[in-house]
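Protein chains: 2
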Amino acid sequence: MDKVLIIDDDPKLLKMLERTLTYEGLTVITASNGLEALPLVSSELPDLIILDWLMPKMDGLTFLEKLRDFGNKTMTLMLTARDAVENRVLGLESGADDYLVKPFAPSELVARVHAMLRRVQKEPENQPVAYGGISLDPTTREVLVSGKQIDLTVTEFDLLHLLLRHPRQVLERQQILNEVWGYDFYGNDNVLEVYIGYLRKKLRKGDLDQLIQTVRGVGYVMKEGK
Amino acid sequence: MDKVLIIDDDPKLLKMLERTLTYEGLTVITASNGLEALPLVSSELPDLIILDWLMPKMDGLTFLEKLRDFGNKTMTLMLTARDAVENRVLGLESGADDYLVKPFAPSELVARVHAMLRRVQKEPENQPVAYGGISLDPTTREVLVSGKQIDLTVTEFDLLHLLLRHPRQVLERQQILNEVWGYDFYGNDNVLEVYIGYLRKKLRKGDLDQLIQTVRGVGYVMKEGK
DNA sequence: CCCCATGTTCACAGGATTTTAACAGTAAAA
DNA sequence: TTTTACTGTTAAAATCCTGTGAACATGGGG
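Here it is, written out as structure tokens:
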């Protein structure tokens, strides 16, 4: 079961968060400030840390810096009362993996938490995958198209890997963006088309570019025929 | 049909909300405070609860705490007066799934309510469905008619999916428009006929176009025979 | 500091899909 | 039978979506 550490100095809010996430079937541990939380991280090894930006003793930012200094890579979700864009930047730069502006609907929190945990859970996908003449080995990062080896950049690789792991299954644009570019991707999602384009061009080397099919209005599928 | 419980101590507002949502085709039950509402939750099993934050006897916040303490997970929409400071944490502390700041436009309320209800309903809809020679798989988006595969656009797909999920059940025009085109569809509802036409034409490929039957003055059904 | 590789954004053409509108057809009501 | 209310069919118009080349941004290495 997934374990979440929540750090917030407001007891009511803490209670609320705890209850909400416990309903969701998560194991919840709490702390009221960063100082108190630090030892819990190493003893409890949570899968996700939710923390407030503003806290006494040790605020969210400082906590994150300390955490990262220790080389800890646990996923973190930052809560912030301010909604300025600069905070988003700050929050992310400080090492938070996502952030949420207060006030937010609990359902939104739950959605984010699940999205993040899903991402964490993703087992070390190290198994080679293959489909329709394309094979990809995550450990060596080698990709063969009709026997020929092709070179892919990281993003291209991740995208192809995702498609190959779900052959014949239509993946929605948002789903792909979430998986490859990270949950909560804001930018112009035309990147996806651009990368599909790159991939097709490279797959053309083995005449397999038609394997990536567009499903207009939905997303893309890796499948033969049609 | 979706059932909504509205809890508010202001009779005028209550009346207004009731009328608005009833007009939207929802079943509405009301209570003027939390104390009164609590038993209704277990007897009526509403799909959604709309409640005011400030109420006599038992306010919204307390009501929600009680509700959650009982382990009840019904969706809740909190109404609140505008107040800069309180709003910061309201969403969170209330434990509501969504909130709306007064004053609000009825259309906004309606939009939220429908969005929430759709969320409640729409969870498990990636199971393949089949009826009378037609099969549809939401994950691959493949549709087979008498064994032959046909290509559908998003709208066609959604419409067919809806019909297949309710075989032999007459779906009203408005109901279909709500599901497929969204609750806020005002356009010329001739689109529905047009799309039924498209679908029938494509189903004709497997000689199953007569499966979509017109129920004059009401809507359409997916059923064999006649 | 500049260059290069990678990643992201922009603009826009060409197509596919969706909507509108007009009218023909058909069942029910008068 | 006539009238009316709905429904089906088409085609054109409006809109939306995707692919593409090129510009722009970033960061690491030389």
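Listed in order, the protein sequences are those of chains A and B. Going by this note's numbering, the first residue of the first sequence is number 198, and it counts up by one from there. Going by this note's numbering, the first residue of the second sequence is number 198, and it counts up by one from there. Idealized CB from N, CA, C, for every residue including glycine.
Check whether the Cβ of Val310 of chain B lies closer than 7 angstroms to any Cβ atom in chain A.
no
As a quick exercise: from B:Asn323, B:Ala308 and B:Leu276, pick the residue whose alpha carbon is nearest that of Pro300 of chain B.
Looking at B:Asn323, B:Ala308 and B:Leu276, the one whose alpha-carbon comes closest to that of Pro300 of chain B is B:Leu276.
In DSSP terms, what Asp249 of chain A is bridged to
Asp249 of chain A pairs with A:Leu276.
Closer than 8 angstroms between beta carbons: that is the criterion. Which residues of the segment 394-419 of chain A meet it against chain B?
Val412, Arg413, Gly414, Val415 and Val418
In this structure, what does DSSP give as the bridge partners for Val342 of chain A?
A:Ile331 and A:Lys345
Could you tell me the distance, in whole angstroms, from the CA atom of Gly222 of chain A to the CA atom of Leu297 of chain A?
Distance from the CA of Gly222 of chain A to the CA of Leu297 of chain A, rounded to the nearest whole angstrom, comes to 21 angstroms.
Using a Cβ cut-off of 7 angstroms (strictly closer), state whether Gln431 of chain A contacts chain B.
No information on residue 431 of chain A is available, as it lies outside the stretch 198 to 423 that chain A covers here.
Which residues, in chain order, does the segment 293-308 of chain B contribute to contact with chain A at a C-beta distance below 9 angstroms?
Ala293, Asp294, Asp295 and Tyr296
Do you know offhand how far Val367 of chain A's Cα is from Thr259 of chain B's?
C-alpha separation (whole angstroms): 45 angstroms.
In three-state terms, what does DSSP make of Lys299 of chain B?
strand
State yes or no: is the C-beta of Lys263 of chain A within less than 7 angstroms of the C-beta of Asn230 of chain A?
No, Cβ-Cβ distance for Lys263 of chain A and Asn230 of chain A is not below 7 angstroms.
Quick check: is the beta carbon of Val367 of chain A nearer than 7 angstroms to any beta carbon in chain B?
yes
Kindly list the residues whose CB is nearer than 8 angstroms to the CB of Pro236 of chain A, restricted to its own chain and excluding five residues on each side of it in sequence; keep chain order.
none
Residues of the segment 245-267 of chain B whose Cβ lies closer than 9 angstroms to any Cβ of chain A, in chain order:
Glu262, Arg265 and Asp266
Closest by C-alpha distance to Ser304 of chain B, when choosing among B:Leu218, B:Ser343 and B:Gly344
B:Leu218
List, in order along the chain, the chain B residues whose C-beta lies closer than 7 angstroms to that of Thr217 of chain A?
Gly292
First and last residue of the uninterrupted alpha helix (DSSP H) at Gln371 of chain B:
Arg370 to Ile373
Relative to the ligand GDP, is the shortest distance from any of its heavy atoms to the C-beta of Ile347 of chain A smaller than 6 angstroms?
Of ligands this structure carries none, so the ligand GDP is not represented either.
Residue-chain proximity (Leu202 of chain B, chain A), Cβ-Cβ < 7 angstroms
no
Return no unless some Cβ of chain B is closer than 7 angstroms to the Cβ of Val282 of chain A.
Here the model assigns Val282 of chain A a pLDDT of 45, short of 50, so the residue's position is not dependable and the matter cannot be decided.
What residue range does the beta strand (DSSP E) around Leu202 of chain B cover?
Lys200 to Ile204
Determine, using beta carbons only, whether Met213 of chain A comes closer than 7 angstroms to chain B.
yes
Would you mind sorting Phe354 of chain B into buried or exposed? The rule is 16 or more other CB atoms within 10 Å of its CB.
So Phe354 of chain B counts as buried.
What number of angstroms, rounded off, separates the C-alpha of Leu261 of chain B from the C-alpha of Lys200 of chain A?
So the two alpha carbons sit approximately 25 angstroms from each other.
Cβ-based burial, Ala228 of chain A [other Cβ within 10 Å; buried from 16]:
buried
Kindly indicate which three-state DSSP category Pro364 of chain A falls into: helix, strand or coil?
coil
Continuous beta strand (DSSP E) assignments of at least 3 residues falling wholly in the segment 379-412 of chain B:
409-412
Report all residues from its chain with a CB closer than 6 angstroms to the CB of Gly330 of chain A; omit the five preceding and five following residues, and keep chain order.
Counting only residues of its own chain and dropping the five nearest sequence neighbours on each side, Gly330 of chain A has a CB closer than 6 angstroms to the CB of Ser343 and Leu405.
Any C-beta of chain B sitting closer than 7 angstroms to the C-beta of Arg285 of chain A?
Because the pLDDT of Arg285 of chain A is 49, which lies under 50, any placement of that residue in the model is unreliable, and the question is left without a value.
State the DSSP-derived secondary structure class of Thr271 of chain A, mapped to helix, strand or coil.
Note: Thr271 of chain A maps to coil in three-state DSSP.
Contact set between Thr336 of chain B and chain A, taken where Cβ atoms lie within less than 8 angstroms:
Gln366 and Val367
Could you tell me whether the Cβ of Val351 of chain B comes closer than 7 angstroms to any Cβ of chain A?
yes
Going by DSSP, what residues sit across from Ala228 of chain A in a beta bridge?
A:Ile204
Considering only C-alpha positions, which residue in the set A:Gly414, A:Ile409, A:Val415 and A:Arg413 is nearest to Gly422 of chain A?
A:Ile409
Between Leu214 of chain A and the rest of its own chain, which residues show a CB-CB distance below 6 angstroms, the 5 nearest in sequence each way excluded?
Answer for Leu214 of chain A: Ile203, listed in chain order.
For Gly257 of chain B, report the span of its alpha helix (DSSP H) as first-last.
For Gly257 of chain B, the uninterrupted alpha helix (DSSP H) segment begins and ends at Gly257 to Asp266.
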